[in-house]
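Numbers 6 to 412, taken from this note's numbering, label the letters of the sequence shown in order.
Ideal Cβ positions, reconstructed from N, Cα and C, are used throughout, including at glycine.
As the structure is a computational prediction, the values presented were derived from the model and not from experiment.
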Amino acid sequence: MQIYKVGGAVRDRLLGRPVTDIDWVVVGATTEEMLAKGFRPVGADFPVFLHPKSGEEYALARTERKSGRGYGGFTFHASPEVTLEEDLIRRDLTINAMAEDDQQNLTDPYHGQRDLEARLLRHVSPAFAEDPLRVLRVARFAARYAGLGFTVAPETLALMRQLSESGELEALTAERSWKEIARALMEDQPQMFIQVLRECGALKVLMPEVDALFGVPQPEAHHPEIDTGVHTLSVLEQAAQHKQPLTVRWACLLHDLGKGLTPEEEWPRHIAHEQKGLKLIKAVNERFKAPKDCQELALLVGEYHTHGHRALELKPSTLLELLQSFDVYRRPQRFEEFIAACEMDARGRKGLEQRSYPQADYLRGAATTARSVAVQPLLEKGFKGPELGEAIKRERLKALKAYKEKA
Ligand code: ATP
Ligand code: MG
6 MQIYKVGGAV
16 RDRLLGRPVT
26 DIDWVVVGAT
36 TEEMLAKGFR
46 PVGADFPVFL
56 HPKSGEEYAL
66 ARTERKSGRG
76 YGGFTFHASP
86 EVTLEEDLIR
96 RDLTINAMAE
106 DDQQNLTDPY
116 HGQRDLEARL
126 LRHVSPAFAE
136 DPLRVLRVAR
146 FAARYAGLGF
156 TVAPETLALM
166 RQLSESGELE
176 ALTAERSWKE
186 IARALMEDQP
196 QMFIQVLREC
206 GALKVLMPEV
216 DALFGVPQPE
226 AHHPEIDTGV
236 HTLSVLEQAA
246 QHKQPLTVRW
256 ACLLHDLGKG
266 LTPEEEWPRH
276 IAHEQKGLKL
286 IKAVNERFKA
296 PKDCQELALL
306 VGEYHTHGHR
316 ALELKPSTLL
326 ELLQSFDVYR
336 RPQRFEEFIA
346 ACEMDARGRK
356 GLEQRSYPQA
366 DYLRGAATTA
376 RSVAVQPLLE
386 KGFKGPELGE
396 AIKRERLKAL
406 KAYKEKA
């Protein structure tokens with residue numbers, strides 16, 4: 006048997022990027038031979054094994070044929086006769102379809118190296134269209150490598166458009182889509198992921214609520230960029246530049262969905278978009294079965310981001326309600342993430358990226374103030390049950406009034 010490094014490890018070495026996980030392909034071997042060498046089989050369907058020591062993935066060279074809709078609709082053929090070139094042609098992009106032996110001799114039948122130099126994300130063969138997940142993968146790679154100057158080849162974008170229009174994207178499971186979305190949002194330029202999906206018509210299918218934001222104007226005085234879709238991309242860009250976690254990036258993407266529902270007569274104003282957007286945020290959350298912390302933060306940021314921006318003007322009672330809504334006493338981290346999302350929203354405006362955001366420290370201070378109200382003295386005064394709750398609230402309100410006056 007011959008063993009080659011393939012995929013991302015080869016690509017990233019040639020790009021001079023750190024290689025994190027290594028995928029291997031094995032040519033000329035049978036399942037029995039792999040098992041005899043101590044490899045552990047991964048799934049029932051795939052001829053993929055884990056190395057007994059390193060735990061890295063070793064796949065038998067295989068060919069694939071489309072036999073139905075969606076991801077389940079694939080048949081695999083793995084046997085010792087399948088060549089390296091036959092295995093490489095089933096891969097998505099030319100830059101992902103190179104292999105390397107232990108002497109670093111490159112096998113590159115589909116010109117991945119040429120496309121690396123040309124900074125092009127280009128599909129290997131028309132079979133690209135057989136797996137709709139590849140649309141999301143290409144958009145994700147665009148988000149990762151945009152900084153190096155990579156763009157999607159026009160003919161690949163055309164194929165992606167064809168796939169988006171064919172209805173095949175709807176066959177993707179929530180789990181597979183979310184995995185790509187989550188990884189893409191954590192790349193250096195997540196806004197490119199959304200932009201590429203939009204360019205090929207996939208955004209309209211996957212997240213029509215986000216797609217609808219493009220072409221919706223906002224008041225120029227607050228939003229020099231005007232367009233709500235452009236603003237959303239900038240917010241996401243800021244979130245990545247400030248190394249925000251996935252929860253915050255997800256909330257940034259969805260925070261203004263309500264603006265897509267504003268009747269045109271009301272443009273560029275968006276009265277109560279925070280409330281109106283909640284059902285859309287919920288729909289997107291559920292469509293992709295986003296993790297609970299992502300879902301929660303997106304809804305809270307959707308509902309309260311304007312409160313965040315107006316923090317310094319809020320009445321102490323409104324401030325207290327905001328803190329209660331976030332349960333800042335038990336969930337301090339979540340409130341921090343809310344503040345971060347608000348700040349990214351403020352910075353995601355054309356020309357205002359560097360403007361300071363004093364609301365952030367003010368909100369932090371308010372949370373600390375409310376949290377520092379001691380319960381013990383109230384217990385000692387004999388407060389119990391609902392009255393204790395009321396007494397705590399009164400004390401917190403008093404503390405917040407003093408805090409606001411000092412600020
Ligand atoms: P990453 O750095 O994100 O791990 P990668 O290219 O290594 O990038 P993997 O998902 O680890 O991506 O897959 C390894 C290789 O398998 C890819 O480089 C590609 O050749 C191939 N591959 C993975 N998923 C697909 C797919 N859906 N369609 C076609 N080829 C795929
Ligand atoms: Mg990999």
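Segment limits, beta strand (DSSP E) that includes Leu457: Residue 457 lies beyond the stretch modelled for the chain, which goes from 6 to 412, so this question has no answer here.
Just to confirm, is the Cβ distance from Ala375 to Ala404 under 8 angstroms? Translated into the one-based positions of the sequence shown, residue 375 becomes position 370. Translated into the one-based positions of the sequence shown, residue 404 becomes position 399. It is a contact, given that the beta carbons lie within the stated cut-off.
Would you verify that the beta carbon of Leu162 is, or is not, closer than 8 angstroms to some beta carbon of chain C? Considering every chain present, this structure includes no chain C. It has just one protein chain.
Of the choices Ile199, Pro222, Ser59, Pro224, whose alpha-carbon is the least far from that of Pro213? As a working mapping, residue 213 is identified with position 208 in the sequence shown. It is Ile199.
Host alpha helix (DSSP H) of Asp28 (start-end): What you label residue 28 is simply residue 23 of the sequence shown in a count that begins at 1. No alpha helix (DSSP H) contains Asp28, which is instead part of the beta strand (DSSP E) from 28-32.
Any contact of the region 150-157 with the region 208-227, i.e. 3+ C-beta pairs under 8 angstroms? Touching, no, given that fewer than three Cβ pairs across the two stretches are closer than 8 angstroms.
Is it the case that the Cβ atoms of Leu125 and Leu19 are separated by a distance below 8 angstroms? Counted from its first residue, the sequence shown places residue 125 at position 120. Counted from its first residue, the sequence shown places residue 19 at position 14. Taking 8 angstroms as the Cβ cut-off, Leu125 and Leu19 do not qualify as a contacting pair.
Hey, how far is the Cα of Gly356 from the Cα of Pro224? Within the sequence shown, residue 356 is the residue found at index 351, counting from 1. Within the sequence shown, residue 224 is the residue found at index 219, counting from 1. Answer to the nearest angstrom: the Cα atoms are 15 angstroms apart.
Decide if Ser322 is buried, meaning its Cβ has at least 16 other Cβ atoms within 10 Å, or exposed. Taking the first residue of the sequence shown as position 1, residue 322 is located at position 317. So Ser322 ends up on the exposed side.
Val380 burial status per 10 Å Cβ neighbour count (16 or more: buried): Against the sequence shown, residue 380 aligns to sequence position 375. Val380 is classed as exposed because its beta carbon has fewer than 16 other beta carbons within 10 Å across all chains shown.
Closest by C-alpha distance to Arg16, when choosing among Val32, Asp113, Ser59: The count along the sequence shown starts at 1 and reaches residue 16 at position 11. Cα-wise, what sits closest to Arg16 is Asp113.
Hey, quick one: how far does the beta strand (DSSP E) through Leu55 stretch, first residue to last? One-based indexing of the sequence shown puts residue 55 at position 50. Note, Leu55: beta strand (DSSP E), 53-55.
C-beta contact flag for Ala144 and Leu202 at 8 angstroms: Numbered from 1 along the sequence shown, position 139 holds the residue referred to as residue 144. Numbered from 1 along the sequence shown, position 197 holds the residue referred to as residue 202. Yes, they are a contact pair.
By C-beta, the residues closer than 6 angstroms to any heavy atom of ligand 2, given in chain order: This selection yields Gly12, Gly13, Asp26, Asp28.
Just curious, the beta strand (DSSP E) that Thr36 is in, first and last residue? Within the sequence shown, residue 36 is the residue found at index 31, counting from 1. From DSSP, Thr36 is part of no beta strand (DSSP E) but of the alpha helix (DSSP H) over 36-41.
Whose CA, out of Glu86, His56, Leu138, Ser72, lies closest to the CA of Arg96? For the purposes of this step, residue 96 is identified with residue 91 of the sequence shown, where counting begins at 1. If we check each option's Cα against that of Arg96, Leu138 comes out closest.
Using the rule of at least 16 other Cβ atoms within 10 Å of the residue's Cβ for burial, across every protein chain shown, is Glu385 buried or exposed? For the purposes of this step, residue 385 is taken as the residue at position 380 of the sequence shown. Exposed, because fewer than 16 other Cβ atoms sit within 10 Å of the Cβ of Glu385.
Expressed to the nearest angstrom, what Euclidean distance is found between the alpha-carbon atoms of Glu160 and Arg127? Against the sequence shown, residue 160 aligns to sequence position 155. Against the sequence shown, residue 127 aligns to sequence position 122. Whole-angstrom Cα-Cα distance: 8 angstroms.
Assess, as a yes-or-no matter, whether the region 80-92 is touched by the region 28-35 under the definition of 3 or more beta carbon pairs within less than 8 angstroms. yes
Around the C-beta of Leu40, are 16 or more other C-beta atoms found within 10 angstroms, so that it is buried, or is it exposed? Within the sequence shown, residue 40 is the residue found at index 35, counting from 1. With fewer than 16 other Cβ atoms within 10 Å, it is exposed.
According to the Cβ coordinates, are Glu105 and Leu98 closer than 8 angstroms? The count along the sequence shown starts at 1 and reaches residue 105 at position 100. The count along the sequence shown starts at 1 and reaches residue 98 at position 93. No, the Cβ-Cβ distance between Glu105 and Leu98 is not below 8 angstroms.
Can you name the start and end residues of the alpha helix (DSSP H) that Val146 belongs to? Walking along the sequence shown from the start, residue 146 turns up at place 141. What sits at residue 146 in the sequence shown is Phe, not Val. Run containing Phe146: 138-150, per the alpha helix (DSSP H) assignment.
Please go through the same chain and pick out, in chain order, the residues whose beta-carbon is closer than 7 angstroms to the beta-carbon of Val187, but skip the five residues on each side of it. By one-based count along the sequence shown, residue 187 stands at place 182. The sequence as given places Ala at residue 187; Val does not occur at that position. The residues are Leu251.
Helix, strand or coil for Lys71, going by three-state DSSP, please let me know. In the sequence shown, the residue the question calls residue 71 occupies position 66. Three-state DSSP puts Lys71 in a strand.
Within the continuous alpha helix (DSSP H) that includes Val11, where are the two ends? Your numbering for residue 11 matches position 6 in the sequence shown. No alpha helix (DSSP H) contains Val11, which is instead part of the beta strand (DSSP E) from 7-11.
Does the Cβ of Leu65 lie closer than 7 angstroms to at least one heavy atom of ligand 1? As a working mapping, residue 65 is identified with position 60 in the sequence shown. No, ligand 1 has no heavy atom inside 7 angstroms of this Cβ.
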